[in-house]
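Numbering (the working numbering), first residue to last: 400 to 791.
Written out as structure tokens, the structure reads:
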């Protein structure tokens, strides 16, 4: 089949990884995928770009983020003009079987073209208007109206959590056309036998139990909460060491907090690391964690931790709890509950066998249920079921 994939992201970070892996998995099933991206964005090239090009894109991103929100949202509306022409051009040249769109606010062009041309369209929704997010919306009400019209037009909707499905149903959209598909991994990128000697030489030459967070320092992560909890953990288990992998504008403030808490000698901030080295860092860890998340997201890092056979300590949100069973692949704590978080960490620090068992079961679960090839197969099945009134 010929599939048109459209998105309005910068093709970086977790969203870029998601786009690449979905496209690759569809191609590996024997389908042809044509991608429509914003100007000068190519998710596949971005993954290979050198630091100079990435810095240029970061400058552009900072400029965009500095715009007043109302201006930014009018730019989002204006993007529909660009994407309409791009889609129509491809439709003239190729016989497209269906359109797969990664939803973005105010992005109604694809569904309008699909409806006009009689082409099925599947919409992947990772967030909806009105939810708490890093960049709060200005025209929430208007966006919600546009969003509902889009959801009504499309043939099927894929969401990453039951929470999102429930919220969309509350807005008058039929539950029958909404499918919950969690994130996944490409297991070939997560080989537990990978040589990590270079990372060990720099970060791992000691007998400490290494607790690890990997991420982009989002406000969802609540890393200040992690540092406070780790202070208590370290006061009771001096063999614990925390490694925070990644970078963000909060790093200096977090380093200052670690200093003030008296734990700076027991916390390592790696700064930005090469994406290809992330599996090596995870393999270095004894315990992997998320200090917080949100009720609607499906954290990509969680799947990566588990794919590499690591026990996890994670907050008890719905999208996480449907992946991790408490005391089977990891330990869950109530979001924001420092006592539970601390106890989960201490329990795993003290029990090497439990760490190994949780990690083994987690990897087995990922391989069985959460690979991108599984998701791609579900997408094709959804396409085939469109209009038949059947669910997977």
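Ideal placement from N, C-alpha and C gives every residue a C-beta, glycine not left out. Since the model is a prediction, treat every value here as computed from it, not as a measurement.
Residue 682 sits in a helix when the DSSP states are folded into three classes. The Cβ-Cβ distance between residue 749 and residue 679 does not fall below 9 Å.
Proximity to residue 663 across 627, 698 and 648 peaks at 627, based on C-alpha coordinates.
The C-beta of residue 472 has 16 or more other C-beta atoms within 10 Å across all chains shown, which makes the residue buried. Each residue's CA atom was taken as its position, placing residue 590 and residue 743 some 27 Å apart. Non-local beta-carbon contacts of residue 615 in its own chain, meaning distances under 7 Å to residues more than five positions away in sequence, involve 412, 645 and 647 in chain order. Look at the beta carbons and you see the region 537-554 touching the region 562-577: at least three pairs across the two are nearer than 8 Å. Three or more beta-carbon pairs drawn from the region 698-707 and the region 758-765 are found closer than 8 Å, and the two stretches are therefore classed as touching. The bridge partners DSSP lists for residue 708 come to none. When rounded, the separation of the alpha-carbon atoms in residue 588 and residue 594 is 13 Å. Short of 8 Å from the beta carbon of residue 428, and not among the five residues preceding or following it, lie these beta carbons of its own chain, in chain order: 772, 775, 776 and 779. The Cβ atoms of residue 723 and residue 701 sit closer than 9 Å to each other. Inter-residue distance for residue 487 and residue 512 is about 8 Å (C-alpha atoms, whole angstroms). Considering only 667, 714, 426 and 604, the residue with the shortest C-alpha distance to residue 619 is 714. Every alpha helix (DSSP H) stretch that sits fully inside the region 717-780 and reaches 4 residues is listed by chain position as 717-720, 737-748 and 751-768. In this structure, the beta-carbon distance from residue 609 to residue 685 falls below 9 Å. In the DSSP assignment, residue 556 falls within the unbroken beta strand (DSSP E) covering 555-558. Judged by beta-carbon spacing, residue 633 lies within the 9 Å limit of residue 641, meaning their Cβ atoms are closer than that value. Looking from the CA of residue 415, the closest CA among 607, 437 and 572 belongs to 437. By the Cβ neighbour-count rule, residue 673 is exposed, with fewer than 16 other Cβ atoms within 10 Å of its own.
When DSSP states are grouped into helix, strand and coil, residue 523 belongs to the strand group.
Within the same chain, no Cβ atom closer than 6 Å to the Cβ of residue 604 is found once the five residues on either side in sequence are excluded. Under the criterion of beta carbons closer than 8 Å, residue 520 and residue 500 qualify as touching, at roughly 6 Å. Here residue 433 is near residue 402, since their CB atoms are less than 9 Å apart.
In the displayed model, residue 500 falls within a strand according to three-state DSSP. Apart from sequence neighbours up to five positions away, the residues of its chain that approach residue 529 with a beta-carbon distance below 7 Å are 539 and 543, ordered along the chain. In the DSSP assignment, residue 428 falls outside any alpha helix (DSSP H) and carries neither an H nor an E.
In the structure shown, the three-state DSSP call for residue 442 is helix.
Just so you know, the alpha carbons of residue 652 and residue 484 end up roughly 45 Å apart. Runs of the alpha helix (DSSP H) spanning 4 or more residues and lying entirely within the region 550-590 occur at 561-569, in chain order. Rounded to the nearest angstrom, the Cβ distance from residue 602 to residue 694 is 33 Å, too far for a contact under 8 Å.
Taking C-beta atoms as the reference points, residue 629 and residue 689 fail to come closer than 9 Å. Between the C-alpha atoms of residue 576 and residue 506 there is a straight-line separation of about 19 Å. Assigned with DSSP and collapsed to three states, residue 612 falls in strand.
As for any beta strand (DSSP E) of minimum length 3 sitting wholly inside the region 631-689, the runs are 639-644, 666-670 and 686-688, ordered along the chain. If you draw a straight line from the Cα of residue 631 to the Cα of residue 738, it is about 9 Å long.
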